[in-house]
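To start, the structure itself, in structure tokens.
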Amino acid sequence: MDQITFIIQALLPALADGLVLTLALIAVSAPLGFLLGAGLAVARTYGSRPLSFTARAFITFVKGCPLLLLLFILYFGLPAVGIRFSPFEAAMIGFIFCNGAYNSEYIRGALLSIKEGQMIAASALGMTRTQAIRYIILPQALRRAIPGMTNEFIYLIKYSSLAYMITVVELTGAGKLIATKYFTFTETFMVVGMVYLVLVTFTTIAANYLEKRYAVPV
Amino acid sequence: MTDTVSLVLQAVPYLFSGVGVTLGLVIVSLLIGLLMGVPMAVAQVYGPRSVWGIITVYVWIFRGLPNLVLLFLFYFGIYPLLGLDVPPFLVAVTVLGLRSGAYQSQIFRGAIQSIGEGQMTAARSLGMSTSQAITGVILPQAMRIALPGWSNEYPILLTDSAVCYAIGVMEILTRADQIVVLTAEPMTIYLVAAAIFILLNYGGMRIFARIEKKVNIPGFGERAL
Amino acid sequence: MEENDYILQVEDIHKAYGDREVLRGVSFTVRKGETKVFIGPSGTGKSTLLRCINQLTVPDRGRVFLHGEEVTNSGSRINYFRQRMGMVFQNFYLFDHLTAVRNVEIALLKVKRMDPKAAREKALYELRQVGMEDWADHYPAELSGGQAQRVSIARALAMDPDVILFDEPTSALDPELTREVLEVMKKLSNEGMTMLVVTHEMGFALSAASEVLFMERGLIVESGPPSEIPTSPVFERTRKFVGQFRDF
């Protein structure tokens, strides 16, 4: 059957290459997005007024600006002011910003939910504010933010597809190219869709496990 | 710099005409999502197990697939396969609406399930049929409970609308791109487009905050009976 | 056709949850205007019994008749029967999104399909009967427990039921608020309303009941007019139980 041959000989190999890029994008963006999110949240909650304001402005911009537009600004816009990123770099930065901004909201909510008593107790023990934040407040906040952050991770898996729009041939891009070449759009994108579903579902199951083990009952 | 300024001034009207398309996308998709989400939620809570299963699968698919893939799938695949020549705007609305419906159904389902059992019991004790109880007692309360989560769909759809660039819908981003191609001033134009999106976002949230205030019932939701 | 002057006939009701038998064959009848009060230790199925009467809980065995018509196994006609049986709950279950008067009139509008003006008039009338007409436009969250319960009584009254079932109406209320509700209930009883009341309030039982029924472990074990409780040998268990609550 022609369809099956197509799938096995042409589609899957091409998608495999794309999938590698998708996974690479996710693997790099997720940890850095997490760090950015934590940093922004701490800056907003504990930072000085200018720092807090800057963080807030950044978050408002990234959340209000569609990710695709952000990617265009990074890849097409910045060269006009002399900064050139490769497509992969631009995508990565865009994802880190987006993931970081949304993560920071979850982490900030978690930080605020931790009772002031914790900080007072830490101070009473002689810890500086920084130490208290680092060793007492933040670890608890991060555990409370796990559900939100795993949710954002799933969004990351999905919006990694937008990298194609700035010429990164990740999974979706690979699919589009093959589909255009062989004129098999429905089949191709259904297979592409299934791969994403597998990734997302697997992540959801892993996230549930993580939440059960590490999320602190509030 | 006056060059840039005059450029921007010329581009802005064209960009702004995209606002109508963007808002059209957002509002229609939001409504489709509502018209689908509420019945799906009711069916999941009160319907037979098989219906629950079908809806769960539907939600799984439409929450698990990226927008871009869905847009490509429908625009290049499904609609042509069905022999339909559907304009990009309608394809976009299909995809965004089906997706929003999936998310909204879970928002409403959570709201319905958070309502104390006593409400249904009291309604039935008065002789109301299940459907009368659902429409007269449960849903009015569920919609209010769901409002904060539901209004979150607005910024989500707003940012998702930009992805419809990929199939040529003439919304804000597509137009911005066209201007950039003509004028070679990407940074300025894209930043203006970003500003428009951020303003639309802010404006929308203000409207939703007003709506929440208007339908607020004193003490509602504090005492679950 | 024989004139059946029993409003309610309850025959041999059985209900089990898993292997726990909550009702083990309860039967009684109620005539028009009677107020029957059920008392007994918690968990003896008194609330379940009331819910079996209007089929909010379906009994495993047994039958219920309202004015001679069978309520059990009535399929979709149950909504018709429920209109004629009012119920007042321990936790009031007022509709949180509606004002007091809207709570009272909603069933009139939706179930009885009354004209809106007539429904509103009737709702305000019933609120007046329970002393809550000044609170017509308040939401349940703004009312005290006693006020909320009185509104829920008005809601049941508005349907002009043949019988009202009270399921521990004052158990969730602070002692000071209990009185206003019991007074409304006494007034209804005096005016000839047919009532089934599950309660711990012995004072109410003594002053308002036509018959007191003592339930223990899923069965009615003692019954008779309240005047006999202090002396009659029939009420030995009742006296022991009530002695734990208060003296009378």
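Residue numbers (this note's numbering), protein chains in the order written: chain A, 7 to 224; chain B, 75 to 299; chain C, 2 to 249. The C-beta atom is built at its ideal place from N, Cα and C for all residues, glycine as well. All of these numbers come straight from a predicted model, not from anything done at the bench.
Using the DSSP secondary-structure output, state which residues sit across from residue i in a beta bridge.
| i | result |
| --- | --- |
| C/Ser211 | According to DSSP, C/Ser211 bridges with nothing at all. |
| C/Asp168 | C/Val199 |
| C/Gly87 | C/Ile165 |
| C/His15 | C/Arg25 and C/Arg62 |
| A/Thr60 | In the DSSP output, where bridge partners are listed per residue, A/Thr60 has none listed. |
| C/Arg32 | C/Tyr7 |
| C/Met216 | C/Ile221 |
According to DSSP, simplified to helix, strand and coil, what is residue i?
| i | result |
| --- | --- |
| C/Met133 | coil |
| C/Arg151 | helix |
| C/Gly96 | Looking at the sequence provided, one finds Phe at residue 96 of chain C rather than Gly. Coil at C/Phe96, not helix or strand. |
| B/Phe282 | helix |
| C/Gln10 | strand |
| C/Glu4 | With a pLDDT of only 47 at C/Glu4, under 50, the local geometry of the prediction cannot be trusted, and the value read off the model is given with reservation. Note: C/Glu4 maps to coil in three-state DSSP. |
| B/Ser203 | coil |
| A/Thr190 | coil |
| B/Leu265 | helix |
| A/Thr178 | helix |
| B/Glu245 | coil |
| C/Glu127 | helix |
| B/Ile291 | coil |
| B/Gly121 | coil |
| C/Val102 | helix |
| B/Gly192 | helix |
| C/Ile40 | strand |
| C/Gly225 | strand |
Report buried or exposed for residue i, applying the criterion of at least 16 other Cβ atoms within 10 angstroms of its Cβ.
| i | result |
| --- | --- |
| A/Lys182 | buried |
| A/Ala147 | buried |
| C/Met186 | buried |
| A/Ile172 | buried |
| A/Lys187 | exposed |
| B/Gln187 | exposed |
| B/Leu290 | Here residue 290 of chain B turns out to be Asn, not Leu, going by the sequence shown. That one is exposed. |
| A/Ile126 | exposed |
| A/Glu122 | exposed |
| C/Arg21 | exposed |
| B/Gln193 | buried |
| A/Gln9 | exposed |
Look at residue i and residue j and say whether their C-beta atoms are less than 8 Å apart.
| i | j | result |
| --- | --- | --- |
| C/Ile107 | B/Gly210 | yes |
| A/Met155 | A/Asn214 | no |
| B/Thr262 | B/Val82 | yes |
| A/Val204 | A/Leu177 | no |
| B/Leu170 | B/Asp251 | no |
| C/Leu183 | C/Glu212 | no |
| C/Thr200 | C/Phe215 | no |
| C/Ser75 | C/Phe82 | yes |
| B/Pro222 | B/Asn275 | no |
| A/Leu57 | A/Val201 | no |
| C/Asp168 | C/Leu24 | no |
| A/Ile152 | A/Glu95 | no |
| C/Phe29 | C/Ile221 | yes |
| A/Leu46 | A/Gly106 | yes |
| C/Ser153 | C/Val102 | no |
| B/Ile253 | B/Tyr88 | yes |
| B/Gly92 | B/Ile246 | yes |
| C/Val11 | C/Val27 | yes |
Taking the C-alpha atoms as reference points, what is the distance between residue i and residue j?
| i | j | result |
| --- | --- | --- |
| C/Ala119 | C/Arg129 | 15 Å |
| C/Arg164 | C/Glu143 | Just to set this straight, residue 164 of chain C is Val in the shown sequence, not Arg. So the alpha carbons of these two residues sit roughly 29 Å apart. |
| B/Ala236 | A/Ser54 | 35 Å |
| B/Pro154 | A/Gly179 | 20 Å |
| A/Ala61 | A/Tyr112 | 14 Å |
| C/Gly44 | C/Gly147 | 24 Å |
| C/Pro170 | C/Ala149 | 11 Å |
| B/Pro122 | B/Gln178 | 20 Å |
| B/Asn226 | B/Ile281 | 12 Å |
| A/Tyr170 | A/Ser35 | 16 Å |
| A/Ile120 | A/Ala49 | 16 Å |
| B/Ser203 | B/Leu231 | 36 Å |
| A/Tyr220 | A/Phe159 | 17 Å |
| C/Gly35 | C/Val198 | Reading off the sequence shown, one finds Glu at residue 35 of chain C, where the question assumed Gly. Going from the Cα of C/Glu35 to the Cα of C/Val198 covers about 11 Å. |
| A/Gly39 | B/Pro161 | 37 Å |
| C/Phe236 | C/Thr73 | 31 Å |
| A/Thr134 | C/Thr179 | 55 Å |
Any heavy atom of the ligand ATP within a distance shorter than 7 Å of the CB on residue i?
| i | result |
| --- | --- |
| B/Ile189 | Ligands in the displayed structure: none, and consequently the ligand ATP is not present. |
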